[in-house]
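A quick write-up on the structure given underneath.
Numbering (the UniProt record's numbering), first residue to last: 1 to 458.
Pasting the structure below:
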């Protein structure tokens, strides 16, 4: 339900604007582009009326999801579930002003900034440059009517979180577990102005201004994305795209790749009490050099390994699954999620194409590679979705355990291809059974409820 509060306060924003760039050093290197793409969330369908506030909310929540950062209540709640370090402030996107349009046809909406359970500032979400650029600014405290606007947001926030605060016995962070309050949607309606806004940098280390690509929300995803546009900095691939079979064959012919594959495909590796892998890291933008491979090992006694905290440029990974009890000799849901959320994004940004992303697992029962044929990102995988994936995977794999407590590999392949088709359900995602010099595409057949195979040309 949407609640509306009509309050007679005149917003007389100053026309003078002092805007500071939030770009990181990487984003400053983007080249000038022509006709940048617009945002999908701000593009009307037929007679649809655009809800700009909803669009800003969608973009900021999506940015948090893609980059695993926290500017929103949704991201903070996810961090709480994961016992991750939490940011000390966030934008309450359910409480807002109405949408405004300036005399220069720029759109903006105001949101309260929450810190330590209290309204601590005002965020200006702006759509500008012919609706191709978005920026989130923190309103200057010197701005005209700042205190009045702040009080309106404080009143709305307190009113709509009162019951939760009482239940939490006055906890400063609203709820007893420290998570953000659920306010419901609240719109504070104020007389509009064509004047403008005054604001400066907010969260400049993690939140870029600019085009649609950092938010993966372009009308034309492969077109220019405006300044600050993440993938817009990518080189364009030369010539037609190669098929997954051709890309796998290309990798197999690469001396570095083939050597690492051979290093993992050994009994000694499978008998270790940990996993081993090599991730492929692309060179920085503008640097003409070959990609490199870095070895990583999981902790002893575990069946997993972690990528470094800085995943910049990592476009692929191949790793072992050992022979420990209960080990499933194919990709885990986490492997698939990492491929989608990290490798695809980095391959497009640093290597120039999604086709350069891959994930390969090497096991005593066979080796497998995941590839992607799409020309746009299939959309990230969030925390709640990953829980659904994990539950389905565990339940279905448990059903195929034989009387000896083993997982028959043909059944493992069938379950996994069904997982990719029915659960992950991202068109363009493909899985292959591979050796050092061959590849076979594996596809789930919903009619036979089995698996079809198709050998790649030699």
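Glycine included, C-beta positions come from ideal geometry on N, C-alpha and C.
A contact between stretches requires three or more CB pairs, one per stretch, nearer than 8 Å, and the segment 314 to 333 meets this requirement with the segment 360 to 375. In terms of CA proximity to residue 291, 350 leads the group 350, 252, 42, 334. Look at residue 275 here: in three-state DSSP terms it is coil, with no helix or strand label. No Cβ-Cβ contact shorter than 9 Å links residue 69 with residue 217. Residue 282 carries a coil assignment under DSSP once its states are collapsed to helix, strand and coil.
Closest by C-alpha distance to residue 301, out of 273, 325, 323, is 273.
Note that the C-beta distance between residue 323 and residue 271 is below 9 Å. A direct Cα-to-Cα measurement between residue 382 and residue 426 gives close to 14 Å. Rounded to the nearest angstrom, the Cβ distance from residue 89 to residue 113 is 6 Å, consistent with a contact under 8 Å. DSSP, reduced to helix, strand and coil, places residue 433 within a strand of the structure shown.
The DSSP assignment places 267 to 270, 333 to 338 as complete runs of the alpha helix (DSSP H) inside the segment 259 to 345, in order along the chain (cut-off: 4 residues). If you draw a straight line from the Cα of residue 330 to the Cα of residue 419, it is about 12 Å long. In this chain, the beta strand (DSSP E) harbouring residue 450 covers 450 to 455. Residue environment: residue 375 is assigned as exposed (fewer than 16 neighbouring CB atoms within 10 Å of its CB, all protein chains considered).
At a Cβ-Cβ threshold of 9 Å, residue 281 and residue 313 count as neighbours.
Going by C-alpha positions, residue 245 is about 25 Å away from residue 449. In terms of Cβ geometry, residue 442 and residue 417 form a close pair [threshold 9 Å]. Straight across, the Cα-Cα distance linking residue 434 with residue 49 is about 50 Å. Take the alpha-carbon of residue 389 and the one of residue 409: they are about 20 Å apart. For residue 398, the enclosing alpha helix (DSSP H) starts and ends at 383 to 398.
Looking at the DSSP output, residue 133 shares a beta bridge with 128. DSSP lists 101, 127 as the beta-bridge partner residues of residue 107.
Taking the Cβ atoms as the reference, residue 305 lies roughly 5 Å from residue 275, within the contact range of under 8 Å. If you check the CB distance, residue 126 and residue 107 come in under 9 Å. Per DSSP, the beta-bridge partners of residue 39 are 218. With a beta-carbon spacing of about 6 Å, residue 344 and residue 372 fall inside the 8 Å limit used to define contacts.
In the same chain as residue 260, and ignoring 5 residues on each side of it, the C-beta atoms closer than 6 Å to its own belong to 278, 293, in chain order.
Put simply, of 405, 424, 366 the residue whose alpha carbon is nearest the alpha carbon of residue 385 is 424. Counting the other Cβ atoms within 10 Å of the Cβ of residue 387 gives fewer than 16, which makes it exposed. Inter-residue distance for residue 311 and residue 258 is about 23 Å (C-alpha atoms, whole angstroms). The secondary-structure analysis by DSSP pairs residue 114 across a beta bridge with 90, 119.
Taking a C-beta distance under 9 Å as the contact criterion, residue 97 and residue 219 do not qualify as a contact pair. Around the CB of residue 148, fewer than 16 other CB atoms lie within 10 Å, so the residue is classed as exposed. In the DSSP assignment, residue 57 is bridged to no other residue. Taking all protein chains shown into account, residue 458 has fewer than 16 neighbouring C-beta atoms within 10 Å of its C-beta and is therefore exposed.
Between residue 64 and residue 74, the gap from beta carbon to beta carbon is short of 9 Å.
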